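Worksheet for the structure shown next.
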Amino acid sequence: MTPNPFNKKKEGERIALLGAFCLFLSTVEYLIPKPAPFMRLGIANLPLMLALDILSFRSFLLLSCIKILGQALITGTLFSYIFIFSLAGTMFSALSMYGARKLLKSKRIGFIGLGVLGALVSNITQLALASLFIFGRSARYIAPPFLVMGLVSGAVMGFFCEYFTRRSLWYAGEIKAREGTEKGKG
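Structure representation (structure tokens):
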């Protein structure tokens, strides 16, 4: 069966829209004062969470890379260790959320659970890197507030996604289009 070019075009449009949201939210997040330079709320991850059900795995990975590179360009951290932390944290977080969403499809893990999972995986990854390359064993002192902040912000981001997806006509249309594409393949 030949691939439908409309579906590829639609997927590209989804990536462009969600990528633009990632860049916009990265800019907003950059403007919000932080209690510590490395602590972020994670609002730029909202488009990644929304993409879980409407993008293919390949497109989801591309969106994750757009988010990582865009955030590094916006914050001016592209050629710093912070970029490595962001790259590792975002990729492990994105992969864990995608895996949990697909593996637990029958039990339907909600966005709040995914937000908490993603935040904690990102934070644990970044703490491991901080321990390995920068702080050594002293990283354990920043771990509790870092993990609590991730837990809270992940739950809030998940709640927002849950609220948005239940009320958004755009999102409902994207889900229907995605399901129609998958039925056409099978």
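So for the sequence shown, our numbering puts the first residue at 4; every next one is plus one.
For glycine and all other residues, C-beta sits at the position ideal for the given N, C-alpha and C.
Predicted model only: the values in this text are computed from it and were never measured.
Buried or exposed for residue i, going by 16 or more other Cβ atoms inside 10 Å?
i	result
residue 183	exposed
residue 141	exposed
residue 8	Its pLDDT being 49, under 50, residue 8 is placed unreliably by the model, and the measurement read from it follows with that caveat. With fewer than 16 Cβ atoms within 10 Å of its Cβ, residue 8 is classed as exposed.
residue 136	exposed
residue 70	buried
residue 60	exposed
Compute the Euclidean distance between the alpha carbons of residue i and residue j, then round it to the nearest angstrom.
i	j	result
residue 83	residue 129	14 Å
residue 23	residue 139	37 Å
residue 1	residue 79	There is simply no residue 1 to check, as the chain begins at 4 and stops at 189 in what is shown.
residue 175	residue 34	31 Å
residue 133	residue 26	25 Å
residue 103	residue 38	30 Å
residue 172	residue 154	29 Å
residue 13	residue 143	45 Å
residue 169	residue 114	11 Å
Assuming residue i and residue j form a contact by the criterion Cβ under 8 Å, report the distance between their Cβ atoms to the nearest whole angstrom.
i	j	result
residue 52	residue 149	Wrong, their Cβ atoms sit about 20 Å apart, outside the cutoff.
residue 57	residue 178	6 Å
residue 121	residue 156	Actually they are not in contact, since the Cβ atoms of residue 121 and residue 156 sit about 10 Å apart, beyond 8 Å.
residue 46	residue 21	So it is not a contact: roughly 14 Å between Cβ atoms.
Let me see if you follow: with CB-CB separation under 8 Å, is residue i close to chain C or not?
i	result
residue 133	Here there is only one protein chain, and chain C is not present.
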